[in-house]
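*Asks:*
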Amino acid sequence: MLKLPIYLDNNATTPMDPRVLEAMIPYFTEHFGNAASRNHPFGWEAEEAVDYAREQVAKLIGSDPKEIIFTSGATEGDNLAIKGVYEMYASKGNHIITVVTEHKAVLDTCKHIEKLGGEVTYLPVAADGLIDLKQLEAAIKPTTILISVMYANNEVGVIQPVREISTIARKHGVLFFTDATQAAGKIPVDVNKDGIDLLTFSAHKMYGPKGVGALYVRRKNPRVKVTAQMDGGGHERGMRSGTLNVPGIVGFGQACELCRLEMEEESKRISKLRDKLENALLQIEESYVNGNREHRLPHVTNISFKYVEGEGLMMGFNKNIALSSGSACTSASLEPSYVLKALGLGDDLAHSSLRFGLGRFTTEEQIDYTIEQVKNTVLKLREMSPLWEMYKEGIDLNSIEWAAH
Amino acid sequence: MTHTPRIYFDNAATTPLDADVLEAMMPYFTTYFGNPSSIYSYGRETRLAIENARKSVAKNLNAHPAEIFFTSGGTESSNMAINAAIDDLHCTHIITSPIEHHATLHTVEHLQQSGKAAVSYVQLLPNGHINLQHLEELLANSNERTLVSLMHANNEVGNLLDIQAVGNLCKKYNAFFHCDTVQTVGHFPFDLRNTPVHFITGAAHKFHGPKGVGIIYINENIKIKPYINGGSQERNMRAGTENVYGIVGFAKALENAMQRFEEDSHYISELKRYMAERLRQEIEGITFNGDPFGNSLYTVLNVSFPKTEKSEMLLYSLDMHHICVSGGSACTSGTNMGSHVIEAIYKNVDRVAIRFSFSKNNTKDEIDTVVQTLKELV
Numbered sequence: 009m010l011k012l013p014i015y016l017d018n019n020a021t022t023p024m025d026p027r028v029l030e031a032m033i034p035y036f037t038e039h040f041g042n043a044a045s046r047n048h049p050f051g052w053e054a055e056e057a058v059d060y061a062r063e064q065v066a067k068l069i070g071s072d073p074k075e076i077i078f079t080s081g082a083t084e085g086d087n088l089a090i091k092g093v094y095e096m097y098a099s100k101g102n103h104i105i106t107v108v109t110e111h112k113a114v115l116d117t118c119k120h121i122e123k124l125g126g127e128v129t130y131l132p133v134a135a136d137g138l139i140d141l142k143q144l145e146a147a148i149k150p151t152t153i154l155i156s157v158m159y160a161n162n163e164v165g166v167i168q169p170v171r172e173i174s175t176i177a178r179k180h181g182v183l184f185f186t187d188a189t190q191a192a193g194k195i196p197v198d199v200n201k202d203g204i205d206l207l208t209f210s211a212h213k214m215y216g217p218k219g220v221g222a223l224y225v226r227r228k229n230p231r232v233k234v235t236a237q238m239d240g241g242g243h244e245r246g247m248r249s250g251t252l253n254v255p256g257i258v259g260f261g262q263a264c265e266l267c268r269l270e271m272e273e274e275s276k277r278i279s280k281l282r283d284k285l286e287n288a289l290l291q292i293e294e295s296y297v298n299g300n301r302e303h304r305l306p307h308v309t310n311i312s313f314k315y316v317e318g319e320g321l322m323m324g325f326n327k328n329i330a331l332s333s334g335s336a337c338t339s340a341s342l343e344p345s346y347v348l349k350a351l352g353l354g355d356d357l358a359h360s361s362l363r364f365g366l367g368r369f370t371t372e373e374q375i376d377y378t379i380e381q382v383k384n385t386v387l388k389l390r391e392m393s394p395l396w397e398m399y400k401e402g403i404d405l406n407s408i409e410w411a412a413h
Numbered sequence: 032m033t034h035t036p037r038i039y040f041d042n043a044a045t046t047p048l049d050a051d052v053l054e055a056m057m058p059y060f061t062t063y064f065g066n067p068s069s070i071y072s073y074g075r076e077t078r079l080a081i082e083n084a085r086k087s088v089a090k091n092l093n094a095h096p097a098e099i100f101f102t103s104g105g106t107e108s109s110n111m112a113i114n115a116a117i118d119d120l121h122c123t124h125i126i127t128s129p130i131e132h133h134a135t136l137h138t139v140e141h142l143q144q145s146g147k148a149a150v151s152y153v154q155l156l157p158n159g160h161i162n163l164q165h166l167e168e169l170l171a172n173s174n175e176r177t178l179v180s181l182m183h184a185n186n187e188v189g190n191l192l193d194i195q196a197v198g199n200l201c202k203k204y205n206a207f208f209h210c211d212t213v214q215t216v217g218h219f220p221f222d223l224r225n226t227p228v229h230f231i232t233g234a235a236h237k238f239h240g241p242k243g244v245g246i247i248y249i250n251e252n253i254k255i256k257p258y259i260n261g262g263s264q265e266r267n268m269r270a271g272t273e274n275v276y277g278i279v280g281f282a283k284a285l286e287n288a289m290q291r292f293e294e295d296s297h298y299i300s301e302l303k304r305y306m307a308e309r310l311r312q313e314i315e316g317i318t319f320n321g322d323p324f325g326n327s328l329y330t331v332l333n334v335s336f337p338k339t340e341k342s343e344m345l346l347y348s349l350d351m352h353h354i355c356v357s358g359g360s361a362c363t364s365g366t367n368m369g370s371h372v373i374e375a376i377y378k379n380v381d382r383v384a385i386r387f388s389f390s391k392n393n394t395k396d397e398i399d400t401v402v403q404t405l406k407e408l409v
């Protein structure tokens, strides 16, 4: 029997893998020490566990364990990377380049930087969601200290040309930071091959616990430093103070290891399901995939169903399928997604979009059910839609002058 | 080899999680895992859990739920409060003390170095208490907008601040008041509606809750901006997907602590009194740091031993005997630099200070063992 509701919003968060929880449990009540306690075994056990997790995390992104700074999550990592570089490299310049489709954690932090007197260039994206590398290079000035481009987008799954971006950044001596929250653990990410200087990601997007993440900070070629945004006991090599969330970190490490070991097979399985879902839904008339389909995460598809309201669509199967019509962080608002608008979608298409985020626990049975539910709902809503009727009668909707209201 | 049970007298560093706190958290790992910002059932379940936790925490501190914000821990909360006082409340002067936790001291130093605030350090009385007269002088002579940042209970010696008196002074001189209450939330009956304080901070792992989660209380009359940008979580005050099980655990641990407050505080006070008495009887030349039998938190007993070859090795020797204590704050990562708190109160003392900090899980038998071991060691 199919258990409802089906969870297809793995870009918002993921259920924890039971193997991760199992690894964490002993660190709650038994090995509960403070990893900074230097004088007794409770502290040492905690520190050892953190060190081991640090290796597991580092291995997933091909870094040295010493380059991993544990944080409370990707948002804190975004803040620490951008504010930390802005403060640390103030004598070099105050200009940051980012992209309009970044996560709010990056965009809001950049707005904060502007209030502090920094300058930020927001690059546009093409209709497929990719940035223009020539535009990126042209935006670099002598005062540019940081390029911040996400690895893969949370709403459409589009993967940016990270290696080309880092080549440009290197050429101009500018640091390159990437928010890899959606990419890490899902596709191969390697900070050295990719030429990344700073990278943030979090555990709860990869079947690990909420409340824990990491910031990678390159230690050589070049040696990168960030000004701490939380001062205190000098934990995490002085870059992030605060008692370490030992069970969370242990869970994060385990989650990274599972992703690393199972990524190849898992992404094959999931992308097959994703393709099945996508192909079936594209058979619905006037439905479109948003974003580049080639450079895309294996578990994501974002589809617009023209002449249907996304909210109505959601209500149609809300009780049975959990997914979002925008980023989870903004899905409580009725504003159309700024990411889709940046791709050039009008409000109508943006509003009629659904983001499907498949995951480790998604089954073929769930996908078959989803196909049927979405298809039926779209068709039913269109039957009731005067716009759809007009479209079917061949009326060009753009030619109509709507009465003001 | 027989397994010798360890004695854990380092509860000011961190505490073991209560079994029923873990039990309360368990459903939120794998079953109720939704992102609280999501509008479907998975998200609504976790949103509800967070809001219930907030109400419960507010009730236990006698605050308004709108005044409670969840963070990643005490350090973040203190950084947030102090920076907000400068950036958003436009303070240009900070009054603090030399015995604050590093989360306060280093944040204050950072602000001083970047030229954003002048810093004054309030004098201490011989027993380590804040000299309130000097605090008033500093406040009276300050013609700038001022933040007072003083901790409620010192994490190393346990001295308790008269939070009402300091709050009233701040009120009188129109200053903002941040009180680092990381050692007292969960160990002290707060009545925030009747306490003149603008910011307090708490960390769950200090009272048998989970690590990685804390709170900041922001008085409802204060308007500040978020310290971590990037999402509308915590009513736009703290961005980032919420640590749902951590938050649930925080609330449950605080409920436990407050429900059992009378019983536990009485029990732990008795442990502290007993240990002091036994030490006095058994070991010559010891002294107690701070004001342990006056205005002091019942969980902490800081003892100085005369400096000898043996006592200098005491931390190591105690560990060899499966006794877990600390020389100072656990946050002083790296080598043992000695305690800045002991140094600030007693200046160049030639003594070895050891902090014993207790919880409800400790027993008088453990104290007997520890005192006996100490006696043999020194």
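Top line first, the protein sequences correspond to chains A and B. Under my numbering, the first residue of the first sequence carries the number 9, and numbering increases by one thereafter. Under my numbering, the first residue of the second sequence carries the number 32, and numbering increases by one thereafter. Cβ coordinates follow ideal geometry from the N, Cα and C atoms, glycine included.
(1) Note down, in chain order, each residue of its chain lying with its Cβ closer than 7 Å to the Cβ of B:Leu-310, except the 5 sequence neighbours on either side.
(2) What does A:Glu-270 touch in chain B if you count any residue whose Cβ is under 9 Å from its own?
(3) So what's A:Gly-365 in DSSP terms, helix, strand or just coil?
(4) Between the alpha carbons of A:Arg-171 and A:Arg-226, how many angstroms are there, rounded?
(5) Given a cut-off of 9 Å on the beta-carbon distance, is the pair B:Val-213 and B:Asn-174 in contact?
(6) Grab me the residues of A:Gly-367's own chain with a C-beta within less than 6 Å of its C-beta, minus the 5 sequence neighbours each way, in chain order.
(7) Using a C-beta to C-beta distance shorter than 8 Å, which residues of chain A count as neighbours of B:Leu-48?
(8) Our contact map puts B:Val-153 next to B:Ser-128 with C-beta atoms below 8 Å; I'd like the distance itself, whole angstroms only.
(9) Measuring straight from C-alpha to C-alpha, what distance separates A:Asn-229 and A:Gly-261?
(10) Just how far apart, CA to CA, sit A:His-180 and B:Ser-69?
(11) How many angstroms separate the CA atom of A:Asp-198 from the CA atom of A:Gly-165?
(12) Would B:Val-383 and B:Pro-337 qualify as a contact pair, given that the criterion is a beta-carbon distance under 9 Å?
(13) Quick check on A:Phe-50: does DSSP put it in helix, strand or coil?
(14) Can you give me the start and stop residues for the alpha helix (DSSP H) that B:Arg-224 sits inside?
(15) Could you work out which residue in A:Met-322, A:Asp-376 and A:Phe-50 is closest to A:Phe-313 when comparing CA atoms only?
(16) By the 9 Å beta-carbon criterion, what residues does the segment 143 to 168 of chain B contribute toward chain A?
(17) Who are A:Phe-184's beta bridge partners in DSSP?
(18) Note down, in chain order, all residues in the segment 100 to 119 of chain A with a beta-carbon under 8 Å from any beta-carbon belonging to chain B.
(19) If you draw a straight line from the alpha carbon of A:Asn-42 to that of A:Met-214, how long is it in whole angstroms?
(20) Does chain A have any CB closer than 9 Å to the CB of B:Gly-198?
(21) My understanding is that A:Phe-325 touches A:Thr-385, with C-beta atoms under 8 Å, so please give their C-beta distance in whole angstroms.
(22) Taking all protein chains shown into account, do 16 or more other C-beta atoms lie within 10 angstroms of the C-beta of B:Ala-50, making it buried, or fewer, making it exposed?
(23) Going by other Cβ atoms of all chains shown within 10 Å of its Cβ, with 16 needed for buried, is A:Ser-99 buried or exposed?
(24) Verify the contact flag: A:Ala-350, CB atom, against every heavy atom of the ligand ATP, threshold strictly below 8 Å.
(25) DSSP has B:Met-182 in a bridge; who is on the other side?
(26) What is the DSSP secondary structure of A:Ala-225, reduced to helix, strand or coil?
(27) Using a Cβ-Cβ cut-off of 9 Å, state whether A:Tyr-224 counts as contacting chain B.
(28) Report buried or exposed for B:Phe-324, applying the criterion of at least 16 other Cβ atoms within 10 angstroms of its Cβ.
(29) Suppose contacts are defined by Cβ-Cβ distances below 9 Å. Is A:Gly-219 in contact with B:Tyr-73 by that definition?
(30) Which residues mark the beginning and the end of the beta strand (DSSP E) in which B:Phe-410 is found?
(31) Can you pull the chain A neighbours of B:Glu-273, defined as C-beta to C-beta under 9 Å?
(32) Does any CB atom of chain B fall closer than 9 Å to the CB of A:Tyr-94?
(33) Could you name each continuous alpha helix (DSSP H) segment of 4 residues or more that falls completely within the segment 71 to 109 of chain A, going from the start of the chain to the end?
(34) If we cut at 9 Å on Cβ distances, does A:Asn-161 have a partner in chain B?
(35) If you draw a straight line from the C-alpha of B:His-239 to the C-alpha of A:Thr-37, how long is it?
(36) Would you tell me roughly how many angstroms separate the C-alpha atoms of A:Glu-265 and A:Tyr-346, rounded to the nearest one?
*Replies:* If we stick to the structure as given:
(1) The sequence position of residue 310 of chain B within the second sequence is 279, counting from 1. Excluding residues within five positions, the ones whose Cβ falls inside 7 Å are Ile-317, Val-334 and Val-402.
(2) The residue you call residue 270 of chain A lines up with position 262 of the first sequence. Residues of chain B with a Cβ closer than 9 Å to the Cβ of A:Glu-270 do not exist, since the nearest Cβ in that chain sits about 18 Å away.
(3) Mapped onto the first sequence, residue 365 of chain A falls at position 357. Here A:Gly-365 sits in strand by DSSP.
(4) Working through the first sequence from its first residue, we reach residue 171 of chain A at position 163. Working through the first sequence from its first residue, we reach residue 226 of chain A at position 218. Rounded to the nearest angstrom, the two C-alpha atoms are 16 Å apart.
(5) Against the second sequence, residue 213 of chain B aligns to sequence position 182. Against the second sequence, residue 174 of chain B aligns to sequence position 143. Contact flag unset, no.
(6) Walking along the first sequence from the start, residue 367 of chain A turns up at place 359. Only Asn-18 and Thr-22 meet the Cβ criterion.
(7) Sequence index remark: in the second sequence, residue 48 of chain B carries index 17 (1-based). Those within 8 Å of B:Leu-48 in chain A are Phe-36, Thr-37 and Phe-40.
(8) Position 122 of the second sequence, counting from 1, holds the residue named residue 153 of chain B. Position 97 of the second sequence, counting from 1, holds the residue named residue 128 of chain B. 5 Å between Cβ atoms; contact.
(9) Mapped onto the first sequence, residue 229 of chain A falls at position 221. Mapped onto the first sequence, residue 261 of chain A falls at position 253. Their Cα atoms are separated by approximately 26 Å.
(10) Reading the first sequence from its first residue, position 172 is the one you call residue 180 of chain A. Reading the second sequence from its first residue, position 38 is the one you call residue 69 of chain B. Taking the straight line from one Cα to the other gives about 41 Å.
(11) As a first step, residue 198 of chain A is located in the first sequence; it is residue number 190 there, counting from the start. As a first step, residue 165 of chain A is located in the first sequence; it is residue number 157 there, counting from the start. Each residue's alpha carbon lies about 18 Å from the other.
(12) Stepping through the second sequence from its first residue, residue 383 of chain B is reached at position 352. Stepping through the second sequence from its first residue, residue 337 of chain B is reached at position 306. Taking 9 Å as the Cβ cut-off, B:Val-383 and B:Pro-337 qualify as a contacting pair.
(13) Here residue 50 of chain A refers to the residue found at position 42 when the first sequence is read from its first residue. Residue state, collapsed to three classes: helix.
(14) Residue mapping note: residue 224 of chain B aligns to position 193 of the second sequence, counting from 1. First-last for B:Arg-224: undefined, no H or E at that position.
(15) Start at 1 with the first residue of the first sequence, and residue 313 of chain A comes out as number 305. Checking every option, the nearest Cα to that of A:Phe-313 belongs to A:Met-322.
(16) Ser-145
(17) Mapped onto the first sequence, residue 184 of chain A falls at position 176. Its beta-bridge partners are A:Ile-155.
(18) His-111, Lys-112, Ala-113, Val-114, Leu-115, Asp-116, Thr-117 and Lys-119
(19) Residue numbering aside, residue 42 of chain A sits at position 34 when the first sequence is read from its first letter. Residue numbering aside, residue 214 of chain A sits at position 206 when the first sequence is read from its first letter. Their backbone Cα atoms lie some 26 Å apart in a straight line.
(20) For the purposes of this step, residue 198 of chain B is taken as the residue at position 167 of the second sequence. No, its Cβ sits nowhere closer than 9 Å to a Cβ of chain A.
(21) Here residue 325 of chain A corresponds to residue number 317 of the first sequence, with the count starting at 1. Here residue 385 of chain A corresponds to residue number 377 of the first sequence, with the count starting at 1. Their Cβ separation, rounded to whole angstroms, is 6 Å, which keeps A:Phe-325 and A:Thr-385 in contact under 8 Å.
(22) On the second sequence, residue 50 of chain B is found 19 positions in, with the first residue counted as 1. With a threshold of 16 other beta carbon atoms within 10 Å, B:Ala-50 falls short and is exposed.
(23) Mapped onto the first sequence, residue 99 of chain A falls at position 91. Its Cβ having fewer than 16 others within 10 Å, A:Ser-99 is exposed.
(24) Of the ligands one can find in the structure shown there are none, so the ligand ATP has no counterpart to examine.
(25) One-based indexing of the second sequence puts residue 182 of chain B at position 151. In the DSSP output, where bridge partners are listed per residue, B:Met-182 has B:Asp-211.
(26) On the first sequence, residue 225 of chain A is found 217 positions in, with the first residue counted as 1. Per the sequence shown, residue 225 of chain A should be read as Val rather than Ala. When DSSP states are grouped into helix, strand and coil, A:Val-225 belongs to the strand group.
(27) Taking the first residue of the first sequence as 1, we reach residue 224 of chain A at position 216. Chain B, which has no Cβ nearer than 9 Å to the Cβ of A:Tyr-224, makes this no.
(28) Within the second sequence, the letter at position 293 stands for residue 324 of chain B. Its Cβ having fewer than 16 others within 10 Å, B:Phe-324 is exposed.
(29) Mapped onto the first sequence, residue 219 of chain A falls at position 211. Mapped onto the second sequence, residue 73 of chain B falls at position 42. Against a cut-off of 9 Å, the Cβ pair of B:Tyr-73 and A:Gly-219 comes out as no contact.
(30) Since the first residue of chain B shown is 32 and the last is 409, residue 410 of chain B is not available in this structure.
(31) On the second sequence, residue 273 of chain B is found 242 positions in, with the first residue counted as 1. Those are Lys-218 and Gly-219, listed as they occur along chain A.
(32) Position 86 of the first sequence, counted from the start, is the residue given in the question as residue 94 of chain A. Output row for A:Tyr-94: interface = no.
(33) 82 to 96
(34) Your numbering for residue 161 of chain A matches position 153 in the first sequence. For A:Asn-161, no CB of chain B lies under 9 Å from its own CB, so it is not counted at the interface with that chain.
(35) The residue labelled residue 239 of chain B in the question sits at position 208 within the second sequence. The residue labelled residue 37 of chain A in the question sits at position 29 within the first sequence. Roughly 9 Å between the two C-alpha positions.
(36) Counting from 1 along the first sequence, the entry for residue 265 of chain A is found at position 257. Counting from 1 along the first sequence, the entry for residue 346 of chain A is found at position 338. Approximately 34 Å, taken between the alpha carbons.
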